[in-house]
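The structure under discussion appears below in the form of C-alpha cells.
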Amino acid sequence: MHATLTMSLIFALGQPSAADDSFFEAKIRPVLIESCFKCHGGEKVSHKLRVDSRDALVKGGKSGPALVPGKPEKSLLLQAIKQSSEDLRMPPGGKLPAHVIADFTAWIERGAVWPKSSKRGFQARTHWAFQPMKNVAPPADPTRWAEHPIDRYIAANLREQGLKPARAAEPRSLLRRVTFDLTGLPPTVEESATPQAAWETVVDRLLASPRYGERWARHWMDVVRYADTAGDNADYPIPEIVRYRDYLIDAFNADKPFNDLVREQLAGDILAKSGPPQKYAERVVATGFLALSRRYATAPYEFMHLTLEDTIDTTGAAFIGLTLRCARCHDHKFDPITTEDYYGLYGIFASTTFPFAGSEEFASQKRPREHFVPLVPNSDKVMADYRERLKDLPALIKAEKDKGKVNALQTEERVLHRLGLPIEVPGAYAVQDGKVADVRIHLKGDPDKLGELAPRRVPKFIEGKPVAFSKTASGRLELADWLTRPDHPLTARVLVNRVWQYHFGTGLVATPNNFGTRGELPSHPELLDHLALEFVKQGWSIKWLHRYILSSKTYQLLASPSADLASKDPSNRWLSHFPRRRLDAEALRDAMLSVSGKLDLKRPGPHPFPPIQNWGWTQHNPFKDIYPSNHRSVYLMTQRIQRHPFLALFDGPDTNASTEKRTTSLVPLQALYLMNHSFVREQAEAFAKRTLAVAAEGRIAWAHQTAWGRPASKAETQKGVEYLRRYQEELKRSGEAPERLELSAWTSFARVLLTANEFVFVD
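Numbering (the numbering used here), first residue to last: 1 to 763.
Below you can see the structure in the form of C-alpha cells.
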C-alpha cells in the first residue's frame, strides 16, 4: 500500500497536469519575471543564481539550492520572499503580497511544476503571449456589483488588491467621454442637452456615424506610421497614398472584419486577382500598408534592405506585437525568434515589388509608371483593346468630313493629338509580387556578407500546422493566412489590447507593440484572453468589441477617484476608476473647429501638391509644406522629415516608426500656443460670433453647453457676466473701437472656455 502510494506521488510530481501548467503560467512565472528576472535572468546574474529554469533554481547560487521541489521549508526561494531572515530578503523593492507567497508555497508543495520549454529557455517559448488563449470563466462577484463578464474580471482583481470600484460617472460626463472616444469630436448642443438617452442607443448612433471611421482609422494610421511622403532624402510626396487612408476610414466605418483587414493589407493585390471585380481597386490600395515602408536613398532599389527591414519591423509590431529587428543580426536574445525566422520573412518581402515615389536622380521620369499598381483589372489587355478600337477613328473622321457634318480639320487635329498622348491608367501606391526567391542570411545584418539560404517561412516558435509556401508567389498571402488563424496566440490579443488602450489610455498590456518577454505583463491576463477569444468568435468585428467594452460598468466609472483609491491604486493599474485624459492632438484641433462652427466635415480631395512636372526636390532642398485646412485632422498632409506644427506640439504620432502609444507632455509652449496662436484666436472669434447669435439671456449657458457639454452653473453665469462687463470696460479704456467691444469681449470669454481643462481633458 505504502509503495503504491509512494509511486503514485512520484508519478504525480513527474507528470504535471494542465492545471499545474496554468497555475505556473498565471501565478508563478509572471512574478519571477517581474520581481526576479532583472537581477537573476539576464546576461549578468546576481550571486550566481538564475531563475529562468527549474534546473537553475534547483542548482541555486552562492547560498545553495533555491528550490527543493515538494519541500517549501527547505527552499531558499521561499525563505527569501517571506523575508524571514535578515540575510535573505527578496525582492529588494519590498515584500511580496501574502497571496503571492501563498502561491509559491503551494507551487513548491505540489512539486514545483515547470512547463516544458526549449533550449532557448523558459522566458521565451513558455512566455505567456506565445501560449494558446484560454477562456477562464470570470469569477462571481459576491458584492453583485459585477454582472458583465468584463466587470467580473476587474472586480476579482480589485478584491485581490483590497480595492473597491469608484461610483458611476454622471450621464453628461459619459456622453462626452464616449463621443470623443468613438468619433474624436464633442457632442453637439442637442446631444448634450439630453444625456439620459439609452446607452446602447448612443453607442450605436456613434458607431454608425461617418466620424467613427475617421477617428479609428487615425489610431491605426499611428500603428502603420502613415505619412503622405516617402521619407527619402528629399521626402518626395506620394499623392496616391490618400487612397490607402480613405480605404482605412471606409473599412472601419463598414466594420470590415479585422482578419480581412490584415489579409488585404498584406496581400490585397493577390486577393484582388481572384476576388470580385468591384473589390479589385480597394484590395490593391490596401497594400499601401507595405508600400508606406520608408525609402532611404535616391534610386528605386538602392538600400532596399533598409526598406525591407522597416517593413518587417512594422509588420511584427502592428500585427503580433513583437520586436523582430534584433533577429536581423543574431538570434533574438529574449524572444524565441531566430535569424532563420527573420530572413524567412525577409524573403517574402524581397519577393515583392515596392513602388517608387520619385527622386532628384530621375528628373526625366520623376514618377515612373511601372512602379505603380493599376487599379483596373487586366489593365494591359484593356488598354490594348482600347487602342485597337481607336485605329479606325481617323477613317471615321474622314467620312464625316466628306459628309460636311463636322469641322473635320479641327476635329482630326484634336483627335490625332490625343492619340499621340500616353494613356494613363489610375494607379495605386501599392505593392505586387516580383521575382520570387529565397534569400541568404545577412551575416551580422550586412547585405554584402551572405550566409546560408533561409527558405521563406513564418516564425517557428508558434506551434501549429506547417505553412506551405508557393514557389511562384511571394508568400505574403500565406503569411496573412497564418496571422489570421483563429488559434494564433498573438493577432487577436494584440488587436483587442489596442482597442482597450484607446478606450482606457493604457492597454491590458502596457506595451502594445511588444508582447515579448521584455514587454509588460498583462494586468488582467484572463480578461485579455476572454476578449480575444470572443472577438474571434464574433467574426473579428471591431464594432462588436466596442459595444462589449463600452457596455461594462468599468468603462462607465467616475474619473475622479477618492483620495483612498488614488493612494492605493495611483497608476490605476487595477482600473478602480476611469482615467482622466487630455485630448490627443487631432481631437483637440477638431474640437476647436467644431465648437467654432468652422469644421468642414466633407472628405477632401487630393493634397494640393505642385504639378509633377515641377518636382525637383533634393536632399539639400527637400519637399516641405503645410496645407492649411478646416477639414478633420485625419486629412491633414503629414510628412516624415517635418511634422505638422500643431500635431507635433500636442504629441502627435511619429510618422517614421510605428507609434504604439501617444505620450502626453505638459510644456510651456502648449500653453503659449493656446493663449497666443492665430489658429486659437480665429476659433475663439468664430465661437464668439456663434454665441452672439443666441438670445442675450442664454448666451453664457449656450457657450458652456457647446464647449463643455454641460450648462453653466449659477455661479459660473454670474462670473461670466462680471468678466464680460469688466473686460469691455478695460477695452474702452484702451481705446478699442465701440463696434468691436462686444465681439472682443466674447472672443476673450470664448478663449477661456476653449483653453480650460474642462475643454482640453475628458473625464
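Cβ atoms here follow ideal geometry from the backbone N, Cα and C, with glycine treated the same way.
Counting only runs that start and end inside the region 674-706, the alpha helix (DSSP H) elements of at least 4 residues fall at 678-692.
In the assembly as shown, H330 is an exposed residue. Its beta-carbon has fewer than 16 other beta-carbons within 10 Å. If you keep only unbroken alpha helix (DSSP H) runs of at least 4 residues inside the region 426-484, you get 476-483. Here K95 has Q83 as same chain residues with Cβ atoms under 7 Å from its own Cβ, once five neighbours each way along the sequence are excluded. With respect to the 8 Å criterion, Y226 and R243 are not classified as neighbours on the basis of their beta carbons. Ranked by Cα distance from G475, the options H488, D433, W500 and S85 are led by D433. Non-local beta-carbon contacts of D335 in its own chain, meaning distances under 7 Å to residues more than five positions away in sequence, involve A124, L322, G516 and T517 in chain order. In this structure the region 139-146 touches the region 155-165; the number of beta carbon pairs closer than 8 Å is three or more. At a cut-off of 4 residues, the continuous stretches assigned as alpha helix (DSSP H) that sit fully inside the region 91-115 are 98-109.
In this structure H631 is in contact with P604, their Cβ atoms being roughly 5 Å apart against a cut-off of 8 Å. H305: member of the alpha helix (DSSP H) spanning M304 to I320, first to last residue. Our two residues, H503 and I81, have alpha carbons roughly 36 Å apart in a direct line.
K256 sits buried, since 16 or more C-beta atoms from the chains shown fall within 10 Å of its C-beta. In the DSSP secondary-structure assignment, V373 is bridged to A428. In this structure, the CA atom of V100 is about 54 Å from the CA atom of T472. Of the residues assessed, D235 falls on the buried side of the cut-off, its CB having 16 or more other CB atoms within 10 angstroms. For the pair Y342 and T194, the Cα-to-Cα distance works out to about 55 Å. The Cβ atoms of A591 and P210 do not sit closer than 8 Å to each other. DSSP places T201 in the helix class (H, G or I) of the three-state scheme.
Each of T484, G427 and K543 was checked against the Cα of D204, and the nearest Cα belongs to K543. In terms of CA proximity to R498, A510 leads the group H488, V467, P489 and A510.
In the structure shown, S594 adopts helical secondary structure according to DSSP, grouped into three states. In the structure shown, the three-state DSSP call for F761 is strand. Its chain contains D651 as the residues whose beta carbon lies nearer than 6 Å to that of S665, once the 5 sequence neighbours on both sides are disregarded; these appear in chain order.
Proximity to H305 across A286, G316, R325 and V373 peaks at R325, based on C-alpha coordinates.
DSSP places L741 in the helix class (H, G or I) of the three-state scheme.
Of N514, R177, R493 and A532, the smallest CA-CA separation from T659 is found for N514. Cβ-Cβ separation between V439 and Y301: approximately 14 Å, too far for a contact (criterion under 8 Å). Taking 8 Å as the cut-off, the beta carbon of G451 is found closer than this to the beta carbon of I441. For P668, the three-state secondary structure derived from DSSP is helix.
Residue W220 holds the alpha-carbon nearest to the alpha-carbon of L261 among Y548, A230, A297 and W220. With fewer than 16 neighbouring CB atoms inside 10 Å of its own CB, F761 falls in the exposed class. In chain order, L724, Y727, Q728 and L731 place their CB closer than 7 Å to the CB of A745, counting only its own chain and leaving out the 5 sequence neighbours on each side. S35 sits away from H47, with the two beta carbons spaced by 8 Å or more. The alpha helix (DSSP H) runs of length 4 or more contained entirely in the region 23-84 are, from start to end of the chain, 37-40, 54-59 and 76-82.
Counted as a single uninterrupted DSSP element, the alpha helix (DSSP H) harbouring L724 occupies residues K714 to R733.
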